[in-house]
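Before any comments, here is the structure.
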Amino acid sequence: MENKFDDLRPYTDAELPAALGRITEDGHFPDIASYIFPDRPVEEVRAFIRGIRSTLELQLRVMKPLTERIIHDTTDGFTFSGIEALDTSSAYLFVSNHRDIMLDSTLLQYALLTSGHNSSEITFGSNLMSSQLLIDIGKSNKMFKVIRGGNIKDLYNNSMHLSEYIRYTVTQKHSSIWIAQRGGRTKDGNDVTDKGIVNMFCMSRRDDMVLALSELNVVPLSISYEWEPCDVLKALELYVSRSGPYLKKPGEDLHSILTGITQRKGRVHMHFCAQLTEDELRAVPDMSRNGFCAAVAGMIDRRIRDGFMLRPNNFIAHDMLSSSHRFADRYSAQERKVFEEHLRALDGYPGYDSRTLRDIFLRIYAGPVDNRSSV
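The structure is reproduced here in C-alpha cells:
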C-alpha cells in the first residue's frame, strides 16, 4: 500500500539520511545552520545533521529546540488546551484554522511531542515545493504533498488520491494528520471551513459518509495569535484583490514564511476542540452529500471560532471599526495606544486608499469577535 502513495508521502527513516545529506550540501545550509544553532560552527552542525537517523530524532533534537527558540524570541508565551481529552494511542485528523504558513503546524507538533503524543503528518502544498531544498526539509519533517491546480479531471483524481492517503495514514499507519480547514491562510479574520474539504475526506469511503468521517477521528483545531502573522502583508493582498485576481510575486510565499517566523506574535494559544462524534454526525438533518458536507463544515467552524482565544487587540479593532466603545472594558488605554501605533505600519503605502486599507486591516483582528457565538 505504501508504494501507492510514494508521490505524496513523507520520507521514511531509511530515506532520511540521503535527504539530510542533500540539505547539508545545499548552498543555503550555512544560513540555516546559523539560524537554528547560532552558537555552533557550521561544520559541527553539518556533521550533527548527517548523523540523524530517524524523523523522531530530527524532531526532538532539531525541530523541538528550534520551536522553543521561536517561542522564546518572538512570542510572549505559547499555551494550549483541550489536549488532555485525546488518547495518546490514537491517531486523529486535525482540521485547523490556518493563520501562518509554517507556524500553525509547527506549534502543533510541539504541543503533541511535549504532551506524550506522536507528532502528526502535515499537508504541504505543491506550490510551496519550489526547490529540492524545500522538498527535503518538508518531507523530512513528516510533510506530505497536496497537489494544487489542474483541470476538473485532475482535481477529482488528486482529491481522491489525497482522501485515500489520509484514510490510510489515520486508520492503517495510525499516524495523525494536520490539514487546514480550507486552501490557503485565513487573511480576513474569518475562519471558514471549505465544505469541499469535508467532501474530500468522504471520497475514499462512499458507502457511509458518517463512518467515512467518524473513522478519521476529526478534531477541529483553533490557533490564535495576539499579533496576526503577516497582518500588513495580508491587508495589502486583500486590498489588491478587490480590483481583480491577486498574482503572487516570485518568492512571496518564502517571504511570508520568514516574516511569520521572525515577527513578534505576542501571546499564542492553540485549542484542541471536541472531536466530531458519530452520534452528532448521524443527527445531521440533511443527509444529501451537499447538505451533509455543509453541516459538518458548520460544526467545525463553530468549534474553531469558539475555541479562538480573543485578546485585547481583537476588541480594540472591533471598536475602532465600528467607531464605538462597546468593548472598552476588554482593554486598557495603553493596549489601545500600542495597537494604534502598530496600525501606523500602513502609512508606508501611500499608493493605497488609507481608509480602505485601514478597514481591511482592522477586520483581520475584529472578525473573530463577530464570529464568536457569545462574547
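Residue numbers (the numbering used here): 10 to 384. The C-beta atom is built at its ideal place from N, Cα and C for all residues, glycine as well.
Of the candidates Cys282, Ser128 and Arg320, the residue whose Cα lies closest to the Cα of Thr97 is Ser128. For Ser233, the enclosing beta strand (DSSP E) stretches over residues Val227 to Tyr234. A check of alpha carbon separations from Asn136 across Gln284, Phe324 and Gly192 identifies Gly192 as the nearest. Taken atom to atom, the span from the alpha-carbon of Phe103 to that of Ile188 is near 6 Å. When rounded, the separation of the alpha-carbon atoms in Val219 and Ser185 is 19 Å. In the DSSP annotation of this structure, the continuous segment of the beta strand (DSSP E) that includes Met152 starts and ends at Met152 to Val155. In the three-state scheme derived from DSSP, where H, G and I count as helix and E and B as strand, Phe103 is classed as strand.
When rounded, the separation of the alpha-carbon atoms in Leu290 and Asn299 is 14 Å. For Ala304, the enclosing alpha helix (DSSP H) covers residues Arg298 to Gly316. Distance from His280 to Gly91 at the Cβ level is roughly 5 Å; contact confirmed, criterion being Cβ atoms closer than 8 Å. Glu224 is bridged by DSSP to nothing; it lacks a bridge partner.
Note on geometry: alpha-carbon atoms of Gly198 and Ile45 lie some 31 Å from one another. The straight-line gap separating the alpha-carbon atoms of Arg55 and Phe14 is approximately 31 Å. When secondary structure is reduced to three states using DSSP, Asp240 falls in the helix class.
Proximity to Pro229 across Thr83, Ala306, Lys151 and Pro26 peaks at Ala306, based on C-alpha coordinates. Taking Met138 as the centre and dropping the five residues before and after it, the same chain places the C-beta of Ile144, Gly147 and Lys154 closer than 8 Å to its C-beta, in chain order. For the 7 Å CB-CB criterion, Asn323 and Pro254 do not form a contact.
Taken through DSSP and simplified to helix, strand or coil, Ala42 comes out as helix. Here Ala221 is buried. Its C-beta has 16 or more other C-beta atoms within 10 Å. Fewer than three pairs of CB atoms, one per stretch, sit closer than 8 Å, so the segment 81–91 makes no contact with the segment 206–213. For His278, the enclosing beta strand (DSSP E) has its first and last residue at Gly275 to Phe281. Looking from the CA of Phe38, the closest CA among Leu121, Glu24 and Ile58 belongs to Ile58.
In the same chain as Asp40, and ignoring 5 residues on each side of it, no C-beta atom comes closer than 8 Å to its own.
Thr202 and Ile80 have their C-alpha atoms roughly 27 Å apart.
Here Met296 is exposed, its C-beta having fewer than 16 other C-beta atoms within 10 Å. The three-state secondary structure of Phe89, taken from DSSP, is strand. Membership of Ile186 in the beta strand (DSSP E) is indicated by the continuous run Ile186 to Ala189.
Annotation: the continuous beta strand (DSSP E) that includes Phe133 extends over Glu130 to Gly134. Spanning the alpha carbons of Ser168 and Gln181 requires a straight line of approximately 19 Å. Shown here, Thr286 sits in coil according to DSSP, grouped into three states, outside any helix or strand. If you draw a straight line from the Cα of Ile156 to the Cα of Arg70, it is about 30 Å long.
As the crow flies, the alpha-carbon of Leu25 is around 51 Å from that of Arg364. Separation of Asp362 and Lys196 (C-alpha to C-alpha, rounded to the nearest whole angstrom) is 19 Å.
The C-alpha of Arg367 is placed about 19 Å away from the C-alpha of Arg320.
In this structure Pro238 is buried. Its beta-carbon is surrounded by 16 or more other beta-carbon atoms within 10 angstroms. Asp16 has its alpha-carbon roughly 25 Å from the corresponding atom of Pro259.
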